[in-house]
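Quick note on numbering: the working numbering labels position 223 of the sequence shown as 226, and the sequence is numbered without any gaps. All residues carry an ideal CB built from backbone N, CA and C; glycine is no exception.
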Amino acid sequence: MPKQNKSFMPLSEDEKTELVTKYEFVVNYYAYRYRYLDLDIDDVKGWGYLGLVHAINKYELNREEDFKGLAFYHVKTEIYRVYFKKGANRSKKTTSLNSELFDNGEGSIENTLADEDSLLYFEIKQIAEEALFEESNLLKKINMDYLFTAKELGDLSKEYKIQEAKLKRILRRGQGLIKSHLYQNEIIVDYASKPTEERKKKEKIINHKEIPIKDFGKIRYLSRHYSNVLQENDIAILLNTSAYMVQQLLDYPTYTYLTSKPDSSIKEKAMRYIKKKYPETIPSEVTCYKEVYA
Numbered sequence: 004m005p006k007q008n009k010s011f012m013p014l015s016e017d018e019k020t021e022l023v024t025k026y027e028f029v030v031n032y033y034a035y036r037y038r039y040l041d042l043d044i045d046d047v048k049g050w051g052y053l054g055l056v057h058a059i060n061k062y063e064l065n066r067e068e069d070f071k072g073l074a075f076y077h078v079k080t081e082i083y084r085v086y087f088k089k090g091a092n093r094s095k096k097t098t099s100l101n102s103e104l105f106d107n108g109e110g111s112i113e114n115t116l117a118d119e120d121s122l123l124y125f126e127i128k129q130i131a132e133e134a135l136f137e138e139s140n141l142l143k144k145i146n147m148d149y150l151f152t153a154k155e156l157g158d159l160s161k162e163y164k165i166q167e168a169k170l171k172r173i174l175r176r177g178q179g180l181i182k183s184h185l186y187q188n189e190i191i192v193d194y195a196s197k198p199t200e201e202r203k204k205k206e207k208i209i210n211h212k213e214i215p216i217k218d219f220g221k222i223r224y225l226s227r228h229y230s231n232v233l234q235e236n237d238i239a240i241l242l243n244t245s246a247y248m249v250q251q252l253l254d255y256p257t258y259t260y261l262t263s264k265p266d267s268s269i270k271e272k273a274m275r276y277i278k279k280k281y282p283e284t285i286p287s288e289v290t291c292y293k294e295v296y297a
């Protein structure tokens, strides 16, 4: 009989719920990161929550594991697994069984075939590398780091000594190339060759000024305390950005946004704005609401 894991301690339903609530930001993090592939954000979140369940099951078997690490790994892996499984069948490339999978030379195909998650990771990483094959080493490294690690723009900017504005241009080009590669190889099949007028309009709007990180706390404050008065367009006016950018941040919040503290320095400006635009509303009577990320 196999030895029972001494670290196994069943989790109560309350403990499981607490873990889901505490680490659902990981689901939002990856859902936001991969939205450029024209995915239905609710579908991606559903896959991500399934990955979170896998992480909880794994943690239950061994409480000595780092749950945050498990959450990031299993959420990302489940999103990858379902997304690429749903794609159209593509030609399979023959790879030598003796070829090594990773740059550091660890693990051959034989060893990896037994590990479905590792094989999946290799397959997806290979697709990205194929899409960026003809690009500069710098573009490839930056895009691979962004997609396959948890590094934020600020981290990449410091590591590669590149301003964030230029970094974003590099990432946009890389993401565009990967997306095109997925379409051309029928991994994504629901692509319209000619963009609709609505899509053109969105692409034009998306070029508006991006929201600086220092304003994240102000948006959290406004969305918490004035949600029944202020719309996305109002918040955009107060922060000198576009309603589209505000909506994107609220619908697909980043980890940086979720961990930012509400900034009440915008309160007086917001109250003056409300009195002027919505005179029938008394700002002091505006109720607070619970912020929703799902």
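Have a look at residue i and residue j and give me their C-alpha separation to the nearest angstrom.
i, j, result
"Tyr149", "Leu156", "8 Å"
"Tyr276", "Phe219", "19 Å"
"Thr152", "Ala131", "14 Å"
"Lys280", "Lys161", "43 Å"
"Leu170", "Asp266", "28 Å"
"Asp118", "Tyr260", "At Asp118 the pLDDT is 44, less than 50, meaning the model places this residue with poor confidence; the figure from the coordinates comes in the next sentence. Answer to the nearest angstrom: the Cα atoms are 35 Å apart."
"Leu269", "Glu133", "The question names Leu, yet the displayed sequence has Ile at residue 269. If I take the Cα positions, the gap works out to 47 Å."
"Met274", "Ile127", "49 Å"
"Glu167", "Asp158", "10 Å"
"Leu64", "Leu53", "17 Å"
"Met147", "Lys154", "10 Å"
"Ala74", "Glu68", "11 Å"
Who are the Cβ neighbours of residue i in its own chain at under 7 Å, not counting the five residues just before and after it?
i, result
"Asn60", "none"
"Gln129", "none"
"Glu137", "none"
"Ile216", "Thr259"
Excluding sequence positions up to five away, which residues of its chain have a Cβ less than 6 Å from the Cβ of residue i?
i, result
"Met12", "Arg66"
"Glu57", "Note that residue 57 is His in the sequence shown, not Glu. Around His57: His77."
Locate the alpha helix (DSSP H) running through residue i, then write down its first and last residues.
i, result
"Leu261", "Tyr258 to Leu261"
"Asp69", "It is not in any alpha helix (DSSP H) - Asp69 carries neither H nor E in the DSSP assignment."
"Met248", "Ala246 to Asp254"
"Ser15", "Counting along the chain, Ser15 falls outside any alpha helix (DSSP H), and DSSP gives it neither H nor E."
"Tyr281", "Element bounds for Tyr281: n/a, residue is neither H nor E."
"Lys221", "Phe219 to His228"
"Lys144", "Asn140 to Phe151"
Would you grab the beta carbon distance between residue i and residue j for me? Rounded to a whole angstrom, and I think it's under 8 Å.
i, j, result
"Leu55", "Val30", "6 Å"
"Ile214", "Leu241", "Between Leu241 and Ile214 the Cβ distance is about 12 Å, and since that is not below 8 Å, they are no contact."
"Phe28", "Tyr258", "6 Å"
"Tyr76", "Phe70", "Their Cβ separation, rounded to whole angstroms, is 11 Å, which puts Tyr76 and Phe70 out of contact at 8 Å."
Please go through the same chain and pick out, in chain order, the residues whose beta-carbon is closer than 8 Å to the beta-carbon of residue i, but skip the five residues on each side of it.
i, result
"Leu253", "Ile222, Ser226 and Glu235"
"Tyr33", "Val47, Gly51, Val78, Lys79 and Ile82"
"Lys207", "Below a pLDDT of 50, predicted positions are generally treated as unreliable, and Lys207, at 42, falls in that range; no measurement from the model is reported."
"Gly49", "none"
"Asn107", "Because Asn107 carries a pLDDT of 37, less than 50, the predicted location of this residue cannot be relied on, and no value is offered for it."
- Query: Are the region 171 to 185 and the region 216 to 226 touching, with three or more C-beta to C-beta distances below 8 Å?
  - Reply: no
- Is there contact here, the region 132 to 142 with the region 163 to 177, by at least three beta-carbon pairs under 8 Å? yes
- Given 8 Å, three or more beta-carbon pairs between the region 15 to 31 and the region 232 to 247: no
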